[in-house]
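Undergrad:
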Amino acid sequence: MASNIIEMKNLTKYYGKARGIIDITFNIKEGEIFGFIGPNGAGKSTTIRTLLNLIHPTSGESTIFGLDTTKYPAKIAEEVGYIPSEIFYYDNMKVKELLKYSASFYKKDSKKRMAELVDIMELDVNRKIRDLSLGNKKKVSIIQGLMHEPRLVILDEPTSGLDPLMQQRFFDLIMEENKKGTTVLFSSHILNEVQKISTRVGIVKEGKLIKLEDMNTLREKTYKRVLIESSTPIDDNYFNIKGTKDFKTVDDKLSFLYSGDINLLTNKLSTLKVHDLLIEDPDLEDIFMHYYVREE
Amino acid sequence: MNIFNYELKINLKSSLYYLLGMIALTSLYLTFFPSFSKDTSAFINLLEGFPPEFQNAFGIDLKNILSIMGFYAFILFYILLISSIQGMNLGVSILSKEERDKTADFLMTKPVTRSKILISKLGASITIVLITNLLFYLVSYMSINLIIEDTFSFKVFTLLHLSVFLVEMIFLSIGFFIGVFLKKVKSTISISLAVVFSFFAIGAFAVNASDDKMRYLTPFKYFDTNYILKNGTYELSYLVVGIVLIILCLVGSYFIYVNKDIDSV
Chain A
1 MASNIIEMKN
11 LTKYYGKARG
21 IIDITFNIKE
31 GEIFGFIGPN
41 GAGKSTTIRT
51 LLNLIHPTSG
61 ESTIFGLDTT
71 KYPAKIAEEV
81 GYIPSEIFYY
91 DNMKVKELLK
101 YSASFYKKDS
111 KKRMAELVDI
121 MELDVNRKIR
131 DLSLGNKKKV
141 SIIQGLMHEP
151 RLVILDEPTS
161 GLDPLMQQRF
171 FDLIMEENKK
181 GTTVLFSSHI
191 LNEVQKISTR
201 VGIVKEGKLI
211 KLEDMNTLRE
221 KTYKRVLIES
231 STPIDDNYFN
241 IKGTKDFKTV
251 DDKLSFLYSG
261 DINLLTNKLS
271 TLKVHDLLIE
281 DPDLEDIFMH
291 YYVREE
Chain B
1001 MNIFNYELKI
1011 NLKSSLYYLL
1021 GMIALTSLYL
1031 TFFPSFSKDT
1041 SAFINLLEGF
1051 PPEFQNAFGI
1061 DLKNILSIMG
1071 FYAFILFYIL
1081 LISSIQGMNL
1091 GVSILSKEER
1101 DKTADFLMTK
1111 PVTRSKILIS
1121 KLGASITIVL
1131 ITNLLFYLVS
1141 YMSINLIIED
1151 TFSFKVFTLL
1161 HLSVFLVEMI
1171 FLSIGFFIGV
1181 FLKKVKSTIS
1191 ISLAVVFSFF
1201 AIGAFAVNAS
1211 DDKMRYLTPF
1221 KYFDTNYILK
1231 NGTYELSYLV
1241 VGIVLIILCL
1251 VGSYFIYVNK
1261 DIDSV
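Taken in sequence, the protein lines are chains A and B.
Residue numbers for the first sequence follow our numbering, so the first one is 1 and each next one is one higher.
Residue numbers for the second sequence follow our numbering, so the first one is 1001 and each next one is one higher.
1. If you reduce the DSSP assignment to three classes, tell me which class histidine 148/A lands in.
2. Cβ closer than 8 angstroms: which chain A residues qualify as neighbours of valine 1180/B?
3. Can you find a CB in chain B that lies within less than 8 angstroms of the CB of lysine 78/A?
4. Roughly how many angstroms lie between the CA atoms of aspartate 261/A and leucine 277/A, to the nearest whole one?
5. State buried or exposed for isoleucine 279/A, treating a residue as buried only when at least 16 other CB atoms are found within 10 Å of its CB.
6. Looking at chain B, is there any beta carbon in it that lies within less than 8 angstroms of the beta carbon of proline 84/A?
7. State yes or no: is the C-beta of alanine 42/A within less than 8 angstroms of the C-beta of proline 1111/B?
8. Going along chain B, which residues have a C-beta under 8 angstroms from glycine 101/A?
9. Going by C-alpha to C-alpha distance, which of Ser1083/B, Ile1117/B, Phe1043/B sits closest to serine 1266/B?
10. For alanine 18/A, which residues in chain B fall below 7 angstroms Cβ to Cβ?
11. Between the alpha carbons of threonine 350/A and tyrosine 223/A, how many angstroms are there, rounded?
12. Ignore the nearest five residues each way along the sequence and tell me which others in lysine 96/A's own chain have a CB closer than 7 angstroms to its CB.
13. Report back the beta-carbon spacing between serine 1120/B and glutamate 1007/B to the nearest angstrom; my notes put them in contact at under 8 angstroms.
14. Cβ of serine 1015/B less than 8 angstroms from any chain A Cβ?
15. Quick test of the definition: if touching needs 3 or more C-beta pairs under 8 angstroms, does the segment 10-22 of chain A touch the segment 54-68 of chain A?
16. What does the alpha-carbon distance come out to for the pair cysteine 1249/B and isoleucine 1170/B?
17. Apply the 10 Å Cβ neighbour rule to aspartate 156/A and answer buried if 16 or more other Cβ atoms are within range, or exposed otherwise.
18. Kindly list the residues whose CB is nearer than 6 angstroms to the CB of phenylalanine 34/A, restricted to its own chain and excluding five residues on each side of it in sequence; keep chain order.
19. Within this structure, are the beta carbons of glutamate 1099/B and lysine 1183/B separated by less than 8 angstroms?
20. Would you say glutamate 296/A faces chain B, with C-beta separation under 8 angstroms as the test?
21. Counting pairs of Cβ atoms below 8 angstroms between the segment 1188-1200 of chain B and the segment 1084-1096 of chain B, do you hit three or more?
22. Leaving aside the five residues before and after tyrosine 1222/B along the sequence, list all residues of the same chain whose C-beta is less than 6 angstroms from its C-beta, in chain order.
23. Could you check which residue in Glu193/A, Ile234/A, His189/A, Asn192/A has the C-alpha nearest to that of valine 274/A?
24. Below 8 angstroms between beta carbons: does that hold for threonine 1113/B and alanine 115/A?
25. By DSSP's criteria, arginine 200/A is part of a beta bridge. Which residues make up the other side?
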């Protein structure tokens, strides 16, 4: 059985009296891509910043590679790559200077991997950091986070600012690293994004871990949000079929969550005069409201 | 050494501007000296027109100002102000800029301990202060020999310069201590100027106060130039207070920096 790369036990952080995270306990196994999801302000970044020793826990403990994160942060960092949500570097540096400076902290020679990543990310290393767009800064961040071939990659909302094509390339890169044995902790508030690559997810809400679940189990619960605009008056019980919940009616618009047989739904729809129809992935709020809160 | 080298590289340039300013000011003042010393009575008459408190506050000492070292001490009174601002600003900015520019996350997630970051930055700051002081010392020595024909005490000259270095070190340390508390301050120079001028103002009061203990309150008065000119040494108690202040500020900075939370950007 794979060993734990990250262990957290009752990890708690208060900022004065304000809640950061409360009693976070879970482990991440070697080789996993662990999705850490929750709405903004739920405590994802606090958890990550505590693991990285940027902030100090109020109580509880955490280890990475079996080492206490508060006692051996520099030792741990040798094999961790961190790609933050917001990127800030030394504005006066050129990209290549920043990457060289970053490489100078590691014992490994990372020149070769750096060159490969620069190619994959199509980045001009002769530009000044201050002249880069958000997307290009993100690329710099990805390269500096991966060039020393870390055993653990920590991603905090990593795709913001990347166009869809680059996002895909980034996910491919992460999957490729993962195949080589790299463990990934991936935090995001976008469920869809986490669904793409994670093997297991932890859901955090208001500072507490409310659920740990295999991605497969979560997929089985894939509800869709259905929005129907119709000129036919719809009876309240018309869509009362297996797999529907959370009915909302506003004027001639009806919305509900649906997880049943899609053919059953289309049959029902065919008898209505539909003006507009939208079937989409529910947002995280919907998931929390209807999958988890009611279950607990 | 990577942090040390980086900090040295980016901070040395602005320090050289301070150095050029100090050299220009010193050379300009020194060129006045030969004409003052030729017409001493007119010069003294002019200075006597100012109230004694004013003379004290501006570092004018009628007993010594006509000797080259006395005149030089008067110049250093202003050099001290410039070098203190330099030291203070270096200390305040070198740590706080990582949080102001939000680069702290980058630096602190690299395999380097916070104590090593602090020591590297402190080492770079001290090196910069040493380089500027040493260059200033050498250039001043050459210009004083070029402009002035009188002989002067090399020991007193060195002690005067060393006192400038020590006061700058005190301000660097105070700056370091202030810097660890600052999070998202926009302008470090305004903080540095405010602190240095406050101590300078305290110095102006201290020198006119009847109680000598007032001098302990400001590093500007730890090295009394009259005492150095007369005795060729420092006053031990003030020297000790200065060194203790440096140690306290640096040790305090260390413990705060190692244990502080780095706020999310």
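The beta-carbon is built from N, C-alpha and C at its ideal position, and this holds for glycine as well.
TA: Quick answer:
1. coil
2. Correct list: empty, because the minimum Cβ distance to chain A is about 15 angstroms.
3. The identity of residue 78/A in the sequence shown is glutamate, whereas the question assumes lysine. It does; some Cβ of chain B falls within 8 angstroms.
4. 17 angstroms
5. exposed
6. yes
7. no
8. Per the sequence shown, residue 101/A should be read as tyrosine rather than glycine. Going along chain B in sequence order, the residues near tyrosine 101/A (Cβ under 8 angstroms) are Asn1002, Tyr1006.
9. Residue coverage of chain B in this structure runs from 1001 to 1265, which leaves residue 1266/B outside it and unanswerable.
10. The contacting residues do not exist; alanine 18/A stays about 12 angstroms from chain B at best.
11. Any answer about residue 350/A is impossible in this case: the structure gives chain A only from 1 up to 296.
12. Val125, Asn126
13. 7 angstroms
14. no
15. yes
16. 9 angstroms
17. buried
18. Ile28, Leu185, Arg200
19. yes
20. Residue placement at glutamate 296/A is poorly supported in this model, since its pLDDT is 45, which falls under 50; the coordinates still yield a value, given next. Not an interface residue.
21. yes
22. Tyr1238, Gly1242
23. Ile234/A
24. no
25. Phe34/A, Asp214/A
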